[in-house]
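First the structure, in the form of structure tokens, and then the observations on it.
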Amino acid sequence: MKVLVVGGGGREHAVIKKLKENKEIETIYALPGNGGIASDAICENIGATDIEGIVNFAVQKGIDYAIVTPDDPLVLGCVNALEEKGIKCFGPRAEAAIIEGSKAFSKELMKKYGIPTAAFETFSDMEKALDYLETCPIPTVIKADGLALGKGVIIAETKEDAKAAVISMMQDKAFGKSGETIVIEEFLTGPEVSVLAFTDGKTVKPMVSSMDHKRALDGDKGLNTGGMGTVAPNPYYTEGIAKRCMNEIFLPTINAMNSEGRTFKGCLYFGLMITENGPKVIEYNCRFGDPETQVVLPLLESDLLTVMLAVTNGALEQTDVKFRDENACCVIMASEGYPVKYEKGFEISIPKEIEDKVYVAGAALKEGKLLTSGGRVLGVTEIAQTLEQAIKASYEDVNKISFENAYYRSDIGQKALKAGVN
Ligand code: AMP
Ligand code: GLY
897 MKVLVVGGGG
907 REHAVIKKLK
917 ENKEIETIYA
927 LPGNGGIASD
937 AICENIGATD
947 IEGIVNFAVQ
957 KGIDYAIVTP
967 DDPLVLGCVN
977 ALEEKGIKCF
987 GPRAEAAIIE
997 GSKAFSKELM
1007 KKYGIPTAAF
1017 ETFSDMEKAL
1027 DYLETCPIPT
1037 VIKADGLALG
1047 KGVIIAETKE
1057 DAKAAVISMM
1067 QDKAFGKSGE
1077 TIVIEEFLTG
1087 PEVSVLAFTD
1097 GKTVKPMVSS
1107 MDHKRALDGD
1117 KGLNTGGMGT
1127 VAPNPYYTEG
1137 IAKRCMNEIF
1147 LPTINAMNSE
1157 GRTFKGCLYF
1167 GLMITENGPK
1177 VIEYNCRFGD
1187 PETQVVLPLL
1197 ESDLLTVMLA
1207 VTNGALEQTD
1217 VKFRDENACC
1227 VIMASEGYPV
1237 KYEKGFEISI
1247 PKEIEDKVYV
1257 AGAALKEGKL
1267 LTSGGRVLGV
1277 TEIAQTLEQA
1287 IKASYEDVNK
1297 ISFENAYYRS
1307 DIGQKALKAG
1317 VN
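My numbering numbers the first residue of the sequence shown as 897 and each following residue consecutively.
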């Protein structure tokens, strides 16, 4: 079997490493992949948003199965285009990927079908948005409607900040077209939980829960990033909460998408906040989370390709999705200065004995050397019986990896440890 993975980050590296456990796969291609992924797949320099290039490549190579993991190609209809050529895919079609592609869409969906989320208003007219801010409670949350590289959410602590955010999105077009429509929503508090779930549009099988660490600096300080580390499972996601999420959020979401004629097949990511009034949806993503995938997939006991094919073929109900009863911790090593400004091109040294624990995100191969090429450079994941052991082992690995200007948070998993489960 020839498998194609579209994307080139740590998430894709985790997907590819897991797929390699299946011996029926002869070849894995990655578009564009990266310098680290090149050890595990054949990488071709075709960008993840070059839909035509991806489709041509897939046809030419006789790809049997394509896995599309980043948000942009999914929202752009990469799966639709591949399916038109008769290529089976893992990932939602564009009409379903809109659940991430438009926050106005997902918020209206939740309102229409009674799925718990923060109260909100949607605006396409800046004056109306500014008028609304006069009366709404502070802090408030301003969100650009479309994809914005994870930067389109501003939590405004003052009215002035809220106004500035609206103006920067709607007038100054800080996020281009993505900010032409905005959502202003209620500020919620409580622990956050990420739940990735496989769904074939009929059955939902949630994966082990996880906790992201989005801020750049220790103690959840500094700017929002793509994620500086993850642990799984998330101690706040108790059995009781999981049951409520299934009944109040997961199944209603799948049913709502079916009712709208937008059946979702693939991995649906539920970004949840466990509030005083129960679990609420902060965001949906139409894909595996990054770096959540780097702790979730290593804990997957079942064969990933088998589960993915079951999603594609509508056979998820009768397919086992089992996870190891252990703990995982992933620490992201980034370039100093990320997410704002950082230097690239430094040589990365990873000892052979821990290579299988490393998921490479921002690195390129040049004359046989692996050089830093992005903000998030790599993630290191360890699994252990207890969370404490997993954290310790991950940081021991981090200490064995070196590149100039390396930066990482030193407190990944501490919040979860304090939640007192392990
Ligand atoms: P998002 O890109 O929608 O995941 O938002 C990024 C982060 O902003 C989330 O992980 C939350 O920490 C925070 N956030 C988003 N919406 C809200 C909200 N309504 N109330 C409080 N925090 C929020
Ligand atoms: N880690 C958050 C995301 O993948 O969107």
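Quick reminder that beta carbons are idealized off the backbone N, C-alpha and C, glycines included.
This one's a predicted model, so the numbers in the text were calculated from it and none came from an experiment.
Review point. Is the CB-CB distance between Gly1123 and Asp1186 below 8 Å?
Key: yes
Check your understanding: Which partner residues of Ala1302 appear in the DSSP bridge assignment?
Key -> Ser1231
Check your understanding: Once you ignore the five residues that flank Leu915 on each side, which residues in its own chain have a CB closer than 7 Å to its CB?
Key -> Val899, Ile921, Ile924, Leu1200 and Leu1201
Review point. Heavy atom of ligand 2 less than 7 Å from the Cβ of Glu1278, yes or no?
Key: no
Check your understanding: Ends of the alpha helix (DSSP H) at Leu927?
Key -> Looking at the DSSP string, Leu927 is not in any alpha helix (DSSP H); the run it does join, the beta strand (DSSP E), is Thr923 to Pro928.
Point to revise | Touching by the beta-carbon criterion (3+ pairs, under 8 Å), the region 1155 to 1170 and the region 1080 to 1100 | key: yes
**Study point:** Limits of the beta strand (DSSP E) - the one that Thr1036 falls within
**Key:** Thr1036 to Ala1040
Review point. Cα separation between Gln1067 and Glu1082?
Key: 22 Å
Check your understanding: Between Asn1181 and the rest of its own chain, which residues show a CB-CB distance below 6 Å, the 5 nearest in sequence each way excluded?
Key -> Glu996 and Tyr1165
Practice item. Could you tell me if the beta carbon of Glu1017 falls within a distance shorter than 7 Å of some heavy atom in ligand 1? Key: no
Check your understanding: Is the number of C-beta pairs between the region 954 to 963 and the region 1221 to 1237 that are closer than 8 Å three or more?
Key -> no
Review point. Hey, would you say the C-beta of Pro1187 is under 7 Å away from at least one heavy atom of ligand 2?
Key: yes
Check your understanding: Cβ-heavy atom distance between Asn1151 and ligand 2 below 7 Å?
Key -> no
Check your understanding: For Gln1281, does the count of other Cβ atoms within 10 angstroms reach 16, so buried, or fall short, so exposed?
Key -> exposed
Review point. Out of curiosity, what's the CA-to-CA distance linking Gly1309 and Val1191?
Key: 12 Å
Check your understanding: Would the C-beta of Gly1046 count as close to ligand 1, meaning under 7 Å from any of its heavy atoms?
Key -> yes
Practice item. Could you tell me whether the region 988 to 1005 touches the region 925 to 936, where touching means 3 or more Cβ pairs closer than 8 Å? Key: no
Review point. Quick one: is Thr1031 buried, meaning 16 or more other Cβ sit within 10 Å of its Cβ, or exposed?
Key: exposed
Review point. Going by other Cβ atoms of all chains shown within 10 Å of its Cβ, with 16 needed for buried, is Gly1162 buried or exposed?
Key: buried
Point to revise | Cys1163 - containing beta strand (DSSP E), residue span | key: Gly1162 to Thr1171
Review point. In whole angstroms, what is the alpha-carbon distance linking Lys1253 and Glu908?
Key: 14 Å
Review point. So what's Asp1021 in DSSP terms, helix, strand or just coil?
Key: coil
Point to revise | Touch test, the region 999 to 1012 against the region 980 to 988, Cβ-Cβ under 8 Å, three pairs minimum | key: no
**Study point:** Inter-residue spacing [alpha-carbon to alpha-carbon] between Lys1024 and Phe1016
**Key:** 14 Å
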